[in-house]
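From first to last, the protein sequence lines stand for chains A and C. Residue numbering for the first sequence follows numbering that gives the first Met the number 0, starting at 0 and increasing by one per position. Residue numbering for the second sequence follows numbering that gives the first Met the number 0, starting at 0 and increasing by one per position. A short worksheet on the structure shown next.
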Amino acid sequence: MPLTSFEIEYAQKVLGRKLTKEELILLEAEWSEHCSYKSTKEHLKKLKTIAPWVLIGPGRDAGAIKLFEDVALVARIESHNHPSAVDPYNGAATGVGGIVRDVLSLGAKPILLVDALYMGSLKTRHSQWLATNIVKGIGDYGNRLGIPTATGLTWFSKSYEKQPLVNVACIGLTKPERILSGKVKPGDPIVLLGNTTGRDGFLGSSFASKPLDEKDIAAIQVGNPFIEKLIIDALLDAFDKNLLSHVKDLGGGGLGTAIVETAAQNKVGVTVYLDKVHLREPDLEPFEILASESQERMIVIPKDSNRLNELFKIFDKYEIEYSIIGHFSSEKRVKMFFKNRSVVDIPVELAVSPPRISRKVSAPVSSFEVPFPTDVDIEKTLISVLSSPRVSLKKAVYEQYDWGVGGRTVLPPGYGDSAVIWLRDGSKRGFAVSVRGNPRYVKLDPFTGAALSLGDAYRRVSAVGAAPLAALDNINSGNPEKPNQHYYTVKMIEGLAYASEILNLPIIGGNVSLYNEDEKGSMIDPVTSIMVIGKIENITKALGVVPVGDSPLVLIGKTEPELGGSEVQEVILGDVYGRPPVFRADTEKKLASFAKKVSEKELAYAAHSVSIGGIAVTVSKMAYWGNVGITLNSLAICECSPFEALFSESQARILYEVKPESLQEFLSLAQSYKLKASVIGHTLRNEKTIRVQHNGKEVIRLDLSKVSESLEALEKTL
Amino acid sequence: MSRVAIIKYPGTNCEEETLYAIRNASKLDGRIVWHSEFKMDEWDAIILPGGFSYGDYGHAGLIASWSKASNEIEKAFENDIPILGICNGFQILTEIGILPGNLLYNESAKFIARWIRVKVHNPKGPWLSLIEEGAVLSMPIAHAEGRYFTDSPENVIKKPWMEYIENPNGSIRSIAGVAEKDGIVLGLMPHPERASFPWQSPRGFEPGGRKIFEGLGVSLKRGW
Chain A
0 MPLTSFEIEY
10 AQKVLGRKLT
20 KEELILLEAE
30 WSEHCSYKST
40 KEHLKKLKTI
50 APWVLIGPGR
60 DAGAIKLFED
70 VALVARIESH
80 NHPSAVDPYN
90 GAATGVGGIV
100 RDVLSLGAKP
110 ILLVDALYMG
120 SLKTRHSQWL
130 ATNIVKGIGD
140 YGNRLGIPTA
150 TGLTWFSKSY
160 EKQPLVNVAC
170 IGLTKPERIL
180 SGKVKPGDPI
190 VLLGNTTGRD
200 GFLGSSFASK
210 PLDEKDIAAI
220 QVGNPFIEKL
230 IIDALLDAFD
240 KNLLSHVKDL
250 GGGGLGTAIV
260 ETAAQNKVGV
270 TVYLDKVHLR
280 EPDLEPFEIL
290 ASESQERMIV
300 IPKDSNRLNE
310 LFKIFDKYEI
320 EYSIIGHFSS
330 EKRVKMFFKN
340 RSVVDIPVEL
350 AVSPPRISRK
360 VSAPVSSFEV
370 PFPTDVDIEK
380 TLISVLSSPR
390 VSLKKAVYEQ
400 YDWGVGGRTV
410 LPPGYGDSAV
420 IWLRDGSKRG
430 FAVSVRGNPR
440 YVKLDPFTGA
450 ALSLGDAYRR
460 VSAVGAAPLA
470 ALDNINSGNP
480 EKPNQHYYTV
490 KMIEGLAYAS
500 EILNLPIIGG
510 NVSLYNEDEK
520 GSMIDPVTSI
530 MVIGKIENIT
540 KALGVVPVGD
550 SPLVLIGKTE
560 PELGGSEVQE
570 VILGDVYGRP
580 PVFRADTEKK
590 LASFAKKVSE
600 KELAYAAHSV
610 SIGGIAVTVS
620 KMAYWGNVGI
630 TLNSLAICEC
640 SPFEALFSES
650 QARILYEVKP
660 ESLQEFLSLA
670 QSYKLKASVI
680 GHTLRNEKTI
690 RVQHNGKEVI
700 RLDLSKVSES
710 LEALEKTL
Chain C
0 MSRVAIIKYP
10 GTNCEEETLY
20 AIRNASKLDG
30 RIVWHSEFKM
40 DEWDAIILPG
50 GFSYGDYGHA
60 GLIASWSKAS
70 NEIEKAFEND
80 IPILGICNGF
90 QILTEIGILP
100 GNLLYNESAK
110 FIARWIRVKV
120 HNPKGPWLSL
130 IEEGAVLSMP
140 IAHAEGRYFT
150 DSPENVIKKP
160 WMEYIENPNG
170 SIRSIAGVAE
180 KDGIVLGLMP
190 HPERASFPWQ
200 SPRGFEPGGR
210 KIFEGLGVSL
220 KRGW
């Protein structure tokens with residue numbers, strides 16, 4: 000988005016002269032929403048970001064925690080919404096490329112990718128085209144890097160018909176003492192590594208900071224995962240040899256932004272010779288070199304300039320291009336030259352300090368309640384819910400992702416509530432990751448909606464037996480200049496701040512994507528994706544979702560008739576009304592400690608957190624995964640109607656298949672945590688049906704084959 | 000101690016877990032060797048691991064087969080040194096021409112990553128030395144170009160080979176793996192290195208790759 004006339008006047012007043020074309024371009028990128036967070040900075044301060052185990056909080060290219068005494072886990076999440084709407088394949092692919100480079104920039108080895116995709120109805124050719132290519136883009140890029148995509152979230156709604164939301168996250172590992180300091184000093188040379196600089200992706204960050212325009216195709220970056228893979232291998236060699244002090248991705252805003260941010264963080268100046276940059280097209284103008292967002296490029300700063308030859312030997316082995324393009328300086332100015340001509344000469348401070356703006360918010364009219372029709376057929380409803388694309392199995396997505404490369408994947412997609420990843424370091428240690436987001440809850444109440452997503456991801460990480468340690472957030476929202484849209488952004492941040500504080504879960508990084516509007520200027524459904532990371536001492540005890548059969552099903556947590564914002568509401572009424580479920584922080588915390596104990600003591604065969612679609616969906620999926628029958632007693636779930644008992648989305652619930660011989664111990668453990676535990680049914684090895692009783696009457700009797708057919712609905716459309 | 004070379008090309012990405020399996024399941028010494036530095040006479044066995052060598056440009060395995068490592072691999076083949084090609088490594092071995100057939104795009108035209116089962120026929124040689132005739136092994140597959148094709152499948156199935164229980168990609172005769180020289184050279188699309196420890200396999204599957212690595216460990220000590 001171009002600078003406002005107010006911003007230009009402000010810059011010219013500080014400088015006392017007119018801006019050059021290159022300076023204008025540099026400030027446009029630096030001061031964009033994407034790079035400066037100017038509309039959200041004051042609100043993001045409210046988030047809990049500190050804990051004793053946090054090594055690096057928000058502010059650098061990625062966050063880091065001490066996972067174990069000798070293991071640092073580095074993570075980052077980012078959106079690629081605008082590019083994916085215009086060119087879904089390259090938009091999604093380059094999102095993966097960028098997030099991997101962010102994790103590299105802390106000196107870590109990237110070992111896991113996670114995606115959260117919000118796509119259209121799949122009922123139009125456009126939304127099918129978007130979804131197919133987004134998934135293929137993520138798969139093709141991640142697979143070629145040899146980084147598994149082992150968990151994710153896929154949501155479908157007509158709100159995202161033309162504007163999908165593509166959030167991708169990456170996790171890396173290193174030793175705590177090996178995290179790059181990020182420190183540079185005057186005199187340090189700047190090495191530009193990787194792909195040639197071309198015209199693709201010109202001013203992508205600024206393009207991502209305004210509503211979309213069909214003509215924006217020139218702003219799309221094209222990815223080359225093969226070059227990225229070589230960069231990863233080369234940098235890992237360089238990290239091993241301790242050759243680098245700082246590495247930074249050339250992401251949004253390109254070279255200019257990466258250099259200015261490094262200089263600003265280190266309180267030094269910088270001199271760059273733009274004609275030294277290795278180019279794809281020889282006739283690039285200096286302003287194009289400055290702002291190009293060509294992919295697979297990084298700046299690397301050597302720890303010791305006397306060892307540059309060692310560094311270049313590594314780059315030569317992998318046949319990656321590089322050039323020395325300038326150096327840091329003690330004069331705190333950004334100076335850039337092109338063929339001996341000065342094109343940029345401004346204070347570093349100005350480049351990173353856009354004039355303050357204040358955004359207004361205004362609350363929308365709150366949603367009203369709409370009752371369900373009285374003659375709903377419960378069995379038919381179950382089939383409709385199971386075949387809804389949001390509920391049905393995502394095999395068509397994750398089977399295109401190499402979830403197993405690296406040999407670390409203990410619970411792949413479809414086998415656990417979180418991905419469980421083994422460190423593969425001679426121990427049995429590991430970690431668990433889940434990403435969640437629910438646009439329906441946010442629509443009804445953005446504060447609670449964001450809090451519930453954090454609770455959901457926190458619970459899924461707990462369900463496998465991990466101890467949640469940190470979270471990352473990706474806020475996707477509307478136009479900050481419109482108070483009724485900005486309201487959602489601010490409320491989601493406040494909800495996150497509240498939930499992260501109360502669950503004692505530091506937020507170590509995040510991303511804000513604004514201006515997600517359609518061509519008419521209406522906001523698409525805002526949502527916050529939350530990724531939670533937890534640690535596991537012994538991955539061999541991780542609890543998956545696949546039941547064994549002939550064992551009791553025990554529901555932990557309380558079921559209330561909460562149907563606002565639920566799957567069944569959208570399936571039957573076509574939209575959502577009322578209030579989302581209550582965020583029960585206290586129960587979530589107790590449940591997390593309980594779940595960890597259950598896994599340690601090996602009391603259960605399977606655990607599955609109750610999510611969209613309620614218990615009905617939870618048991619149907621478990622039946623499918625284990626190829627077992629299930630009987631349920633509706634009144635044991637809730638003293639309410641079977642419809643409410645089955646489809647309520649009350650939070651803070653996990654359904655366990657308990658080992659029959661451990662049932663008593665399991666129930667007394669629940670009691671000791673003051674958690675409600677109800678034996679609601681059984682799994683059956685030799686009977687392939689799902690049966691639900693209410694007051695002695697059978698309200699559902701569904702063959703497993705019918706359940707499978709419904710759950711596999713997505714495979715036919717994607 | 001016997002030494003196993005794991006050859007890395009630009010774009011190879013399964014070398015580390017393969018080395019881990021060699022050290023911890025085969026109990027052998029192993030090293031990752033950069034393709035241009037590979038010399039066959041320094042090694043007792045050779046593995047070409049999975050990945051996307053040279054980004055799969057052209058088609059999978061094509062450009063890697065032009066590496067000068069291919070001369071060394073051919074020499075190793077002539078000298079009866081055990082060679083295993085996993086996924087992209089299998090594709091490279093067919094491109095070099097020491098294993099028969101070709102690996103074409105999956106029937107679905109999509110990348111497929113899932114746990115599958117294969118049945119082992121005519122097990123012979125160092126890699127299959129601990130596996131019984133007809134044994135069923137579970138392992139994951141992860142490939143886009145894994146549809147095995149040959150004009151003469153009848154020749155392939157006279158030798159040691161692996162058969163998908165449920166054909167995931169349209170391979171002729173459901174062929175998942177083929178061998179030459181009485182099983183001294185083996186190529187397979189599934190990933191044994193991702194199925195070498197019990198916790199790598201989810202409920203319903205066994206770590207079926209372990210026997211292949213254990214087999215090599217035993218065979219290099221006692222012969223096969």
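Even for Gly, the Cβ is constructed at its ideal location relative to N, Cα and C.
Original post:
Who are the Cβ neighbours of H791 (chain A) in its own chain at under 6 angstroms, not counting the five residues just before and after it?
Top reply: Within the shown structure, residues of chain A are numbered from 0 to 717, placing residue 791 (chain A) beyond reach of any answer.
Original post:
Which same chain residues, not among the five before or five after I95 (chain C), have their C-beta less than 8 angstroms away from its C-beta?
Top reply: Counting from 1 along the second sequence, the entry for residue 95 (chain C) is found at position 96. Once the five neighbours on either side are set aside, the close Cβ partners of I95 (chain C) are S64, S69, I72, E73.
Original post:
Within 10 angstroms of its Cβ, does F5 (chain A) collect 16 or more other Cβ (buried), or is it exposed?
Top reply: For the purposes of this step, residue 5 (chain A) is taken as the residue at position 6 of the first sequence. F5 (chain A) comes out exposed.
**OP:** Counting only the same chain and skipping the five closest in sequence on each side, list residues whose C-beta sits under 6 angstroms from that of L92 (chain C).
**Re:** The count along the second sequence starts at 1 and reaches residue 92 (chain C) at position 93. G84, L98, G186.
Original post:
Does the distance from the CB of A194 (chain C) to the CB of G182 (chain C) come in under 8 angstroms?
Top reply: Translated into positions along the second sequence, residue 194 (chain C) becomes position 195. Translated into positions along the second sequence, residue 182 (chain C) becomes position 183. Their beta carbons are not under 8 angstroms apart, which means A194 (chain C) does not touch G182 (chain C) by this criterion.
Original post:
Under 8 angstroms, do I679 (chain A) and A712 (chain A) count as touching if we go by C-beta distance?
Top reply: What you label residue 679 (chain A) is simply residue 680 of the first sequence in a count that begins at 1. What you label residue 712 (chain A) is simply residue 713 of the first sequence in a count that begins at 1. Cβ distance not < 8 angstroms, so I679 (chain A) and A712 (chain A) don't count as in contact.
Subject >> Nearest neighbour of L136 (chain C), chosen from C:E14, C:L18, C:M0, C:M188 [CA to CA] >> reply: Within the second sequence, residue 136 (chain C) is the residue found at index 137, counting from 1. Here the closest residue by C-alpha is C:M188.
Original post:
Which value, in whole angstroms, describes the spacing of the CA atoms of G613 (chain A) and Q650 (chain A)?
Top reply: For the purposes of this step, residue 613 (chain A) is taken as residue 614 along the first sequence, with counting starting at 1. For the purposes of this step, residue 650 (chain A) is taken as residue 651 along the first sequence, with counting starting at 1. If you take the alpha carbons of G613 (chain A) and Q650 (chain A), they lie about 9 angstroms apart.
Original post:
Apart from the five residues on each side of it in sequence, which residues of its chain come closer than 7 angstroms, Cβ to Cβ, to S387 (chain A)?
Top reply: Counted from its first residue, the first sequence places residue 387 (chain A) at position 388. So the qualifying residues of the chain are E566, V570.
Original post:
In terms of residue numbering, what span does the alpha helix (DSSP H) encompassing T17 (chain C) cover?
Top reply: Looking up residue 17 (chain C) in the second sequence gives position 18. From DSSP, the alpha helix (DSSP H) with T17 (chain C) extends over 14-20.
**OP:** Taking C-beta pairs closer than 7 angstroms, name the residues in chain C that Y317 (chain A) reaches, listed in chain order.
**Re:** For the purposes of this step, residue 317 (chain A) is taken as residue 318 along the first sequence, with counting starting at 1. Under the 7 angstroms cutoff, chain C gives P9.
**OP:** At 7 angstroms on the CB atoms, spell out the chain A contacts of P139 (chain C), in chain order.
**Re:** Here residue 139 (chain C) is taken as the residue at index 140 of the second sequence, counted from 1. The answer, in chain order, is G403.
Original post:
Once you ignore the five residues that flank V409 (chain A) on each side, which residues in its own chain have a CB closer than 6 angstroms to its CB?
Top reply: Counting from one through the first sequence, the residue named residue 409 (chain A) turns up at place 410. Here the set comprises V419, W421, I538, A541.
Original post:
Looking at C-alpha atoms only, which residue of C:F196, C:C86, C:K118 is the closest neighbour of G145 (chain C)?
Top reply: Locating residue 145 (chain C) in the second sequence gives position 146, counting from the first residue. It is C:C86 whose Cα lies nearest to the Cα of G145 (chain C).
Original post:
Which of the three DSSP states, helix, strand or coil, is assigned to C639 (chain A)?
Top reply: The residue you call residue 639 (chain A) lines up with position 640 of the first sequence. Correct three-state label for C639 (chain A): coil.
Subject >> Interface partners of Q399 (chain A) on chain C, CB under 8 angstroms >> reply: Residue numbering aside, residue 399 (chain A) sits at position 400 when the first sequence is read from its first letter. Per Cβ cutoff of 8 angstroms: K109, F110, I111, A112.
Original post:
Counting pairs of Cβ atoms below 8 angstroms between the region 10-18 of chain A and the region 232-239 of chain A, do you hit three or more?
Top reply: no
Original post:
Does the beta carbon of N132 (chain A) come closer than 8 angstroms to any beta carbon on chain C?
Top reply: As a first step, residue 132 (chain A) must be located in the first sequence, where it is residue number 133. Chain C, which has no Cβ nearer than 8 angstroms to the Cβ of N132 (chain A), makes this no.
Original post:
Apart from the five residues just before and just after L54 (chain A), which ones in its own chain have a Cβ nearer than 7 angstroms to its Cβ?
Top reply: Here residue 54 (chain A) refers to the residue found at position 55 when the first sequence is read from its first residue. Result list for L54 (chain A): A63, I64, K65, A71, P175, I178, in chain order.
Subject >> Beta carbon proximity, W198 (chain C) to chain A, threshold 8 angstroms >> reply: As a first step, residue 198 (chain C) must be located in the second sequence, where it is residue number 199. True, the Cβ-Cβ gap to chain A drops below 8 angstroms.
**OP:** Taking the CB atoms as reference points, tell me whether E77 (chain A) and G90 (chain A) lie closer together than 8 angstroms.
**Re:** As a position in the first sequence, residue 77 (chain A) is number 78, starting the count at 1. As a position in the first sequence, residue 90 (chain A) is number 91, starting the count at 1. Not in contact: E77 (chain A) and G90 (chain A) (Cβ atoms no closer than 8 angstroms).
Original post:
Any idea if A362 (chain A) is buried or exposed, counting beta-carbon neighbours within 10 angstroms, 16 or more meaning buried?
Top reply: Numbered from its first residue, the first sequence carries residue 362 (chain A) at position 363. With fewer than 16 Cβ atoms within 10 Å of its Cβ, A362 (chain A) is classed as exposed.
Subject >> Inter-residue Cα distance where the pair is L164 (chain A) and T527 (chain A) >> reply: The residue given as residue 164 (chain A) occupies position 165 in the first sequence. The residue given as residue 527 (chain A) occupies position 528 in the first sequence. Taking the straight line from one Cα to the other gives about 10 angstroms.
Subject >> Residues that H34 (chain C) contacts on chain A, provided the C-beta gap is smaller than 7 angstroms >> reply: Along the second sequence, read from residue 1 onward, the residue named residue 34 (chain C) stands at position 35. Within 7 angstroms Cβ-Cβ: nothing; H34 (chain C) doesn't reach chain A, min ~11 angstroms.
Original post:
The beta strand (DSSP E) spanning R2 (chain C) covers which residue range?
Top reply: If you number the second sequence from 1, residue 2 (chain C) lands on position 3. Counting along the chain, the beta strand (DSSP E) containing R2 (chain C) begins and ends at 2-7.
Original post:
Which of helix, strand or coil does DSSP assign to K220 (chain C)?
Top reply: Here residue 220 (chain C) corresponds to residue number 221 of the second sequence, with the count starting at 1. If DSSP states are grouped into helix, strand and coil, K220 (chain C) belongs with the helices.
**OP:** For V364 (chain A), count neighbouring C-beta atoms within 10 Å of its own C-beta (all shown protein chains included) and say buried if the count is 16 or more, exposed if not.
**Re:** Here residue 364 (chain A) refers to the residue found at position 365 of the first sequence. Flag for V364 (chain A) reads exposed.
Subject >> Ranges of the beta strand (DSSP E) found wholly within the region 322-369 of chain A, counting only runs of at least 3 >> reply: 332-337, 340-346
Original post:
Taking the alpha-carbon positions, what's the I746 (chain A) to K275 (chain A) distance?
Top reply: Past the edges of chain A, shown from 0 to 717, lies residue 746 (chain A), and the structure says nothing about it.
**OP:** May I have the straight-line CA-CA distance separating D574 (chain A) from Q568 (chain A), to the nearest angstrom?
**Re:** Your numbering for residue 574 (chain A) matches position 575 in the first sequence. Your numbering for residue 568 (chain A) matches position 569 in the first sequence. When rounded, the distance between both Cα atoms is 7 angstroms.
**OP:** May I ask whether a heavy atom of the ligand FMN can be found less than 7 angstroms away from the beta carbon of A84 (chain A)?
**Re:** Looking for the ligand FMN in the displayed structure turns up nothing, as the structure carries no ligands at all.
**OP:** Anything in the region 536-554 of chain A with a Cβ closer than 7 angstroms to a Cβ of chain C? List those residues in chain order, please.
**Re:** I538, T539, G543, V545
Subject >> First and last residue of the uninterrupted beta strand (DSSP E) at S647 (chain A) >> reply: For this step, residue 647 (chain A) is matched to residue 648 along the first sequence. Where S647 (chain A) is concerned, there is no enclosing beta strand (DSSP E), given that its DSSP letter is neither H nor E.
Original post:
Tell me which same chain residues have a C-beta within less than 8 angstroms of the C-beta of K589 (chain A), skipping the five on either side of it?
Top reply: To locate residue 589 (chain A), count along the first sequence from 1; it is residue 590. The residues are Y672, K673, L674.
Original post:
Quick one: complete beta strand (DSSP E) runs, 3+ long, within the region 41-69 of chain C?
Top reply: 44-47
**OP:** Check whether the Cβ of F225 (chain A) lies closer than 8 angstroms to any Cβ atom in chain C.
**Re:** As a working note, residue 225 (chain A) is residue 226 in the first sequence. Interface residue, yes.
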